[in-house]
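Okay, so the sequence shown: first residue is 1 according to full-length UniProt numbering, each after it adds one.
By construction, the Cβ of each residue, glycine as well, lies at the ideal position given by its N, Cα and C atoms.
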Amino acid sequence: MRVLFVSSEASPFIKTGGLGDVAGALPKALAQKNTDVRVVIPKYKEISWEVRDKLRFVKWFNVRVGWREQFCGVWECLYNGVTYYLLDNEGYFKRDGIYGFYDDGERFAFFDRAVLDLLRQIDWQPDIIHCNDWQTGMLPVLLQFEYKKNDMFYWKMKCVYSIHNIAFQGVFDPQILPELFGFDMELYDNTCLKFDDGVSYMKGGLYYADIITTVSDSYAYEIQTPEYGQRLDGVLRDRSYALRGITNGIDYDEFNPKTDRFIKKNYDINSIEDKVINKTELQKELGLAVDENVPMLAMVTRLTNQKGMDLLVSISDRLLQQNVQLVILGTGDKHYEEHFEWLDFRYGNKVSANIKFDNGLANKIYAACDMFLMPSLFEPCGLGQLIALRYGSIPIVRETGGLKDTVTAYNEYTGEGNGFSFRNYNADELYNIIQYALWIYKDKEQWNDLIKNAMDSDNSWNKSAQIYLNLYKELAGKD
Ligand code: ADP
Numbered sequence: 001m002r003v004l005f006v007s008s009e010a011s012p013f014i015k016t017g018g019l020g021d022v023a024g025a026l027p028k029a030l031a032q033k034n035t036d037v038r039v040v041i042p043k044y045k046e047i048s049w050e051v052r053d054k055l056r057f058v059k060w061f062n063v064r065v066g067w068r069e070q071f072c073g074v075w076e077c078l079y080n081g082v083t084y085y086l087l088d089n090e091g092y093f094k095r096d097g098i099y100g101f102y103d104d105g106e107r108f109a110f111f112d113r114a115v116l117d118l119l120r121q122i123d124w125q126p127d128i129i130h131c132n133d134w135q136t137g138m139l140p141v142l143l144q145f146e147y148k149k150n151d152m153f154y155w156k157m158k159c160v161y162s163i164h165n166i167a168f169q170g171v172f173d174p175q176i177l178p179e180l181f182g183f184d185m186e187l188y189d190n191t192c193l194k195f196d197d198g199v200s201y202m203k204g205g206l207y208y209a210d211i212i213t214t215v216s217d218s219y220a221y222e223i224q225t226p227e228y229g230q231r232l233d234g235v236l237r238d239r240s241y242a243l244r245g246i247t248n249g250i251d252y253d254e255f256n257p258k259t260d261r262f263i264k265k266n267y268d269i270n271s272i273e274d275k276v277i278n279k280t281e282l283q284k285e286l287g288l289a290v291d292e293n294v295p296m297l298a299m300v301t302r303l304t305n306q307k308g309m310d311l312l313v314s315i316s317d318r319l320l321q322q323n324v325q326l327v328i329l330g331t332g333d334k335h336y337e338e339h340f341e342w343l344d345f346r347y348g349n350k351v352s353a354n355i356k357f358d359n360g361l362a363n364k365i366y367a368a369c370d371m372f373l374m375p376s377l378f379e380p381c382g383l384g385q386l387i388a389l390r391y392g393s394i395p396i397v398r399e400t401g402g403l404k405d406t407v408t409a410y411n412e413y414t415g416e417g418n419g420f421s422f423r424n425y426n427a428d429e430l431y432n433i434i435q436y437a438l439w440i441y442k443d444k445e446q447w448n449d450l451i452k453n454a455m456d457s458d459n460s461w462n463k464s465a466q467i468y469l470n471l472y473k474e475l476a477g478k479d
């Protein structure tokens with residue numbers, strides 16, 4: 001099997017969220033299953049230095065963007081058994097930050113076409129092109145309407161399109177069809193790409209890929225409903241026969257409390273008593289009261305509505321009247337950032353708000369905290385809760401999407417379950433479940449059993465990578 005994994009980010013090169021984790025870990029897991037898997041991402045300014053030095057320049061060629069010709073440099077490196085290609089165009093990608101620019105539509109129109117041209121340039125024919133999220137949504141459209149029509153080289157290639165978050169759809173002015181793709185307006189007029197008065201890249205992926213996947217079973221179901229479908233639920237119901245849910249895993253080498261180089265004291269399921277050393281160490285580092293008995297609640301997340309921040313905001317004063325500590329690491333909407341900074345000021349050594357993106361601190365928090373909050377409004381899969389489980393920090397989640405599929409509510413009578421959950425998007429429900437968790441926390445023996453259940457949960461990529469591989473084979477008609 002030859003698989004090309006196309007993404008706008010991939011850890012450890014560049015990561016802003018879960019997509020980066022998946023694009024780092026899934027190809028690695030596939031490579032371990034004897035697949036020739038290659039990953040292609042843009043070469044951003046902020047590619048991490050640790051891997052930047054390993055890059056080797058391969059060649060350059062021109063890419064057609066509408067009537068213009070744009071330079072595309074190809075850089076390559078082998079990492080974890082996977083070949084990575086980084087596509088270079090400084091005009092598009094050498095900027096501070098990776099998304100959110102006025103010309104994102106053009107940047108990823110360039111990228112999608114450059115990826116298809118790359119295959120000809122390096123003379124490599126994948127069986128499967130696996131696209132991810134809106135940034136790569138126009139690739140299946142280009143493949144279908146242009147490349148397969150003009151060049152036999154592309155005939156047999158099949159497309160898988162994965163939705164990591166349907167809330168981000170890449171909607172741009174319809175004039176980009178002629179301007180950037182050299183198409184006429186048919187795909188807009190016949191509504192295949194139309195979304196309100198714009199063109200949606202994600203809709204392109206949904207209609208023109210051979211198979212659509214998303215990152216958990218529950219989310220695959222949810223996005224076919226108006227409540228979660230972000231107005232693409234109709235398209236997804238249309239194509240439900242081609243839609244599958246495959247739950248994400250996490251990279252068990254990268255997230256391993258036994259070997260984690262960021263944390264003070266390594267531990268595993270047989271030495272959970274050492275976990276608390278990381279807690280007191282983090283308390284010192286963040287200026288919190290040093291006390292191993294005070295329950296530490298944490299979040300490592302984008303500070304946006306999706307993540308249930310408004311629920312936490314509305315209970316934070318009530319919660320902080322109690323003997324708890326709250327640690328936040330994240331960036332996002334200004335009003336949330338300011339709210340947590342205010343709590344940090346108001347509650348002194350009970351709250352630590354860290355408004356930044358910091359992988360090392362994230363791991364320290366996963367290792368240190370007792371409870372990890374994810375009260376999300378919607379959550380395609382969620383990786384935070386999986387990492388927390390791996391580190392024996394107990395997730396408290398809302399029952400939606402992947403959170404519902406990976407966290408089982410603790411049952412104090414049978415001792416089963418690996419976390420706590422609540423159903424409705426309601427601040428009191430969040431508050432009450434935290435109270436229940438704090439109650440269980442008081443019984444150390446019971447809590448330690450819960451930690452063991454959490455650390456025993458298997459969320460490695462092994463199982464899911466096999467499901468992807470079977471899907472690729474089915475699609476390519478190979479054994
Ligand atoms: P998202 O919707 O953002 O993709 P996920 O839970 O799927 O949410 O993945 C988020 C990933 O990004 C996790 O690995 C989490 O630890 C990481 N992350 C989020 N915010 C930060 C931050 N401020 N610093 C470090 N890592 C972060």
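Asked                                                                                                       : Found
DSSP-derived helix/strand/coil call for valine 51                                                           : helix
Cβ shell of lysine 350 (< 8 Å), same chain only, five flanking positions each side left out                 : Leu288, Ala289, Leu320, Val324, Gln325, Leu326
Local Cβ density within 10 Å of proline 375, reported as buried at 16 or more and exposed below that        : buried
Closest by C-alpha distance to glutamate 474, when choosing among Asp103, Thr331, Asp88, Ile211             : Ile211
Euclidean distance between Cα positions of valine 82 and aspartate 21                                       : 15 Å
Bridge partners - isoleucine 163, DSSP secondary structure assignment                                       : Thr214
Among Asp117, Glu46, Glu222, Tyr436, nearest to phenylalanine 93 - alpha-carbon criterion                   : Glu46
Start-end ranges of the alpha helix (DSSP H) lying completely within the region 347–374, minimum 4 residues : 359–368
Three-state secondary structure assigned by DSSP to alanine 298                                             : strand
Glutamate 445 versus phenylalanine 378: straight-line alpha-carbon distance, rounded                        : 33 Å
Tyrosine 73 - containing beta strand (DSSP E), residue span                                                 : Per the sequence shown, residue 73 should be read as glycine rather than tyrosine. 68–79 is the span of the beta strand (DSSP E), which, as asked, contains glycine 73.
Alpha-carbon spacing of isoleucine 98 relative to valine 199, whole angstroms                               : 21 Å
Nearest-angstrom Cα separation, counted from serine 218 out to arginine 237                                 : 15 Å
Aspartate 260 beta carbon near the ligand ADP (any heavy atom closer than 7 Å)                              : no
Residue(s) in a DSSP beta bridge with leucine 475                                                           : In DSSP, leucine 475 forms no bridge with anything.
N-terminal and C-terminal residue of the beta strand (DSSP E) that lysine 258 is part of                    : Element bounds for lysine 258: n/a, residue is neither H nor E.
Residues bridged to phenylalanine 422 (per DSSP)                                                            : Arg398
Environment of arginine 261 [buried if 16+ CB atoms lie within 10 Å]                                        : exposed
Burial state of methionine 309 (16 or more Cβ within 10 Å)                                                  : buried
Length of the line joining the Cα atoms of glutamate 227 and histidine 164                                  : 17 Å
Exposure label - asparagine 190; buried when at least 16 CB within 10 Å                                     : exposed
Nearest-angstrom Cα separation, counted from leucine 143 out to asparagine 150                              : 10 Å
Reduced DSSP category for leucine 232 - H, G, I as helix; E, B as strand; rest coil                         : coil
Asparagine 359: CB within 7 Å of a non-hydrogen atom of the ligand ADP                                      : yes
Bounding residues of the beta strand (DSSP E) (the contiguous stretch that carries glutamine 306)           : Careful: glutamine 306 lies outside any beta strand (DSSP E) and carries neither H nor E.
Closer than 7 Å: aspartate 21 CB and nearest the ligand ADP heavy atom                                      : yes
Same chain, Cβ closer than 8 Å to valine 235, five either side skipped, listed in chain order               : Lys203, Leu206, Tyr207
According to DSSP, residues forming a beta bridge with tyrosine 84                                          : Val39, Cys77
Alpha-carbon spacing of lysine 442 relative to glutamate 76, whole angstroms                                : 53 Å
heavy atom of the ligand ADP below 7 Å from alanine 454 C-beta                                              : no
Alanine 353 vs isoleucine 315 beta-carbon contact at 8 Å                                                    : no
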